[in-house]
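Residue numbers (our numbering), protein chains in the order written: chain A, 1 to 181; chain B, 1 to 127.
Report on the structure given below.
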Amino acid sequence: MSRSERLYRTMLLAYPAEHRRRYGEPMAQLFRDRLRRDGGGLGTVRVWASVGPDLVGSVFIERLETAMNVQTWTNRWWEATVLVFAFAQTIMGVGVLAFGDGSHIRFGIGWGLLPAALLLGGLAVRRRRRGLATSMIIVGSLGAAFAFWLIYPIILAVIVIAGGLGSGKIGRTRVLEPVSA
Amino acid sequence: MTEAEKDPHDLLPLPPAQLHILLALADGERHGYAVMSEVERMTDGEVSMGPGTLYGAIKRMLNAGLIEESDNRPDPELDDERRRYYRTKGFGARVLTAELSRLDQLIRAAQAKQVATRLRPGWEGAP
Chain A
1 MSRSERLYRT MLLAYPAEHR RRYGEPMAQL FRDRLRRDGG GLGTVRVWAS
51 VGPDLVGSVF IERLETAMNV QTWTNRWWEA TVLVFAFAQT IMGVGVLAFG
101 DGSHIRFGIG WGLLPAALLL GGLAVRRRRR GLATSMIIVG SLGAAFAFWL
151 IYPIILAVIV IAGGLGSGKI GRTRVLEPVS A
Chain B
1 MTEAEKDPHD LLPLPPAQLH ILLALADGER HGYAVMSEVE RMTDGEVSMG
51 PGTLYGAIKR MLNAGLIEES DNRPDPELDD ERRRYYRTKG FGARVLTAEL
101 SRLDQLIRAA QAKQVATRLR PGWEGAP
């Protein structure tokens, strides 16, 4: 194997692994054929002058294409993240219900977290188990909507009170200034 | 979708490398080096594809169903068995025909406008 071919084979490492696995050997063989035909002295320089830019350009294209095909990885990562959230939410929901003091707000949060976890789980598995995912999403959405109705008035009250405190309409007396003539 | 249902026009215009490879494979199966040599021969050396361009295009054409790998060895005695041969599929032939027809239409439009004559250097309207 010539030094040029060794160098070319080393440079093939710049390609994405999958491309290199499928086409690395034929590419090296094609380079060897070109060297046999055109190589030797200045010919080798001419081969490199032609193959070098081709290699740089095609590495860029293949890398870009590979980067744009990371959808599968992204989907898996997204599904795993959502499943972890769903699992955490289930634990929290069960925890709130089990160790709560029986108040309406804890009851509402507990029963709100569980169907929401079901909904998240449905979203996470929707690519693999479409039927199951649809059922989980519908049941989870209805359950979460129903459960949140239990604490909805309390949340609304908190929002109204916080808004009132923030705007100064609650907590201090406003003195109206006399209108000057 | 079956091969017959695919519309060749969906892939037009073909990238130049793919058009050259389809043309090189139009009269029989070839391995990479033979494709490269045939392209150089067809274009009087104007187009020379490097390994990266050639195999990048081949990969896309295999994925698009234009060509396929062939197990046949036209001349096993003289050939390295590690070489991969490629041949045009039926859909690839239809795409090639559609692309050549498109280019032919373009050439006729250019001829009707006498572009080649009018844009000669020295013509006052030339850029």
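Ideal Cβ positions, reconstructed from N, Cα and C, are used throughout, including at glycine.
Segment limits, alpha helix (DSSP H) that includes residue i
i, result
"Thr88 of chain B", "No alpha helix (DSSP H) contains Thr88 of chain B, which is instead part of the beta strand (DSSP E) from 85 to 88."
"Gly56 of chain B", "51 to 64"
"Met1 of chain A", "Counting along the chain, Met1 of chain A falls outside any alpha helix (DSSP H), and DSSP gives it neither H nor E."
"Glu130 of chain B", "Residue 130 of chain B falls outside the range modelled here, since chain B spans only 1 to 127, and no answer is possible."
"His9 of chain B", "No alpha helix (DSSP H) holds His9 of chain B; DSSP gives it neither H nor E."
"Tyr15 of chain A", "Run containing Tyr15 of chain A: none; DSSP gives neither H nor E here."
"Arg82 of chain B", "Element bounds for Arg82 of chain B: n/a, residue is neither H nor E."
"Arg126 of chain A", "From DSSP, Arg126 of chain A is part of no alpha helix (DSSP H); its letter is neither H nor E."
"Gln18 of chain B", "16 to 24"
"Thr117 of chain B", "115 to 118"
Residue span of the beta strand (DSSP E) that contains residue i, given as start and end
i, result
"Glu68 of chain B", "67 to 70"
Distance CB(residue i)-CB(residue j) smaller than 7 angstroms
i, j, result
"Leu22 of chain B", "Leu96 of chain B", "yes"
"Met49 of chain B", "Met36 of chain B", "yes"
"Met136 of chain A", "Gly112 of chain A", "no"
"Gly92 of chain B", "Glu3 of chain B", "no"
"Arg84 of chain B", "Glu69 of chain B", "yes"
"Ser58 of chain A", "Gly56 of chain B", "yes"
"Met1 of chain A", "Leu55 of chain A", "no"
"Thr90 of chain A", "Ala133 of chain A", "no"
"Ser114 of chain A", "Ser141 of chain A", "Here the sequence assigns Leu to residue 114 of chain A, which means Ser is not the residue at that position. It is not a contact, given that the beta carbons lie outside the stated cut-off."
Contact with chain B by residue i, beta-carbon distance below 7 angstroms
i, result
"Val51 of chain A", "yes"
"Pro16 of chain A", "no"
"Met27 of chain A", "yes"
"Phe60 of chain A", "no"
"Leu42 of chain A", "no"
"Asp33 of chain A", "yes"
"Val38 of chain A", "Here the sequence assigns Asp to residue 38 of chain A, which means Val is not the residue at that position. So no, Asp38 of chain A is outside the interface."
"Leu55 of chain A", "yes"
"Glu5 of chain A", "no"
"Leu30 of chain A", "yes"
Separation of residue j from residue i, as counted between CA atoms
i, j, result
"Ala88 of chain A", "Val94 of chain A", "10 angstroms"
"Thr66 of chain A", "Phe60 of chain A", "10 angstroms"
"Val82 of chain A", "Val96 of chain A", "21 angstroms"
"Gly39 of chain A", "Tyr8 of chain A", "14 angstroms"
"Glu29 of chain B", "Gly65 of chain B", "15 angstroms"
"Glu99 of chain B", "Gly41 of chain A", "41 angstroms"
"Arg129 of chain A", "Leu64 of chain A", "31 angstroms"
"Ser46 of chain A", "Lys113 of chain B", "Residue identity differs from the one stated: residue 46 of chain A is Arg in this sequence, not Ser. Roughly 40 angstroms separates the two Cα atoms."
"Ala181 of chain A", "Ala145 of chain A", "Unreliable positioning characterises Ala181 of chain A in this predicted model, as indicated by a pLDDT of 46, which lies under 50. The coordinate reading is nonetheless provided below. Taking the straight line from one Cα to the other gives about 55 angstroms."
"Glu40 of chain B", "Ser101 of chain B", "23 angstroms"
"Val175 of chain A", "Gly108 of chain A", "With a pLDDT of only 49 at Val175 of chain A, under the threshold of 50, the placement of this residue in the model should not be trusted, and no figure is reported."
"Leu35 of chain A", "Glu38 of chain B", "17 angstroms"
"Gly45 of chain B", "Ala34 of chain B", "14 angstroms"
"Ala86 of chain A", "Arg106 of chain A", "19 angstroms"
"Ala49 of chain A", "Gly131 of chain A", "57 angstroms"
"Leu25 of chain B", "His9 of chain B", "20 angstroms"
"Ala109 of chain B", "Leu11 of chain B", "22 angstroms"
CB contact below 7 angstroms: residue i versus chain D
i, result
"Tyr33 of chain B", "The structure shown contains no chain D; its protein chains are A and B."
Of the listed residues the options, nearest to residue i (C-alpha basis)
i, options, result
"Leu182 of chain A", "B:Leu54, B:Leu12, B:Glu68", "With chain A covering only 1 through 181, there is no way to say anything about residue 182 of chain A."
"Leu103 of chain B", "B:Leu14, B:Asp7, B:Gly65, B:Thr2", "B:Leu14"
"Ala58 of chain B", "A:Met27, A:Leu42, A:Trp77", "For the sequence presented, residue 58 of chain B should be read as Ile rather than Ala. Of A:Met27, A:Leu42, A:Trp77, the residue nearest in Cα terms is A:Met27."
"Arg22 of chain A", "B:Arg108, B:Arg118, B:Gly52, B:Ala93", "B:Gly52"
"His31 of chain B", "B:Asn72, B:Arg94, B:Gln114", "B:Asn72"
"Arg76 of chain A", "A:Leu114, A:Gly57, A:Arg126", "A:Arg126"
"Ala17 of chain A", "A:Asp54, A:Ile138, A:Glu62", "A:Glu62"
"Val47 of chain B", "B:Ala26, B:Ala17, B:Thr88", "B:Ala17"
"Asp7 of chain B", "B:Asn63, B:His20, B:Arg94, B:Asp27", "B:Arg94"
"Val84 of chain A", "A:His19, A:Leu123, A:Arg106, A:Gly143", "A:Leu123"
"Glu25 of chain A", "B:Arg87, B:Ala34, B:Leu12, B:Arg82", "B:Arg82"
"Ala14 of chain A", "A:Asp33, A:Trp78, A:Gly52", "A:Gly52"
Cutoff 7 angstroms: residue i Cβ touching any chain A Cβ
i, result
"Arg84 of chain B", "yes"
"Thr97 of chain B", "no"
"Thr43 of chain B", "no"
"Thr117 of chain B", "no"
"Pro15 of chain B", "no"
"Pro8 of chain B", "no"
"Gly56 of chain B", "yes"
"Gly52 of chain B", "yes"
Residue i: CB within 6 angstroms of a non-hydrogen atom of the ligand COA
i, result
"Phe91 of chain B", "Among the components of this structure there are no ligands whatsoever, and the ligand COA is therefore not found."
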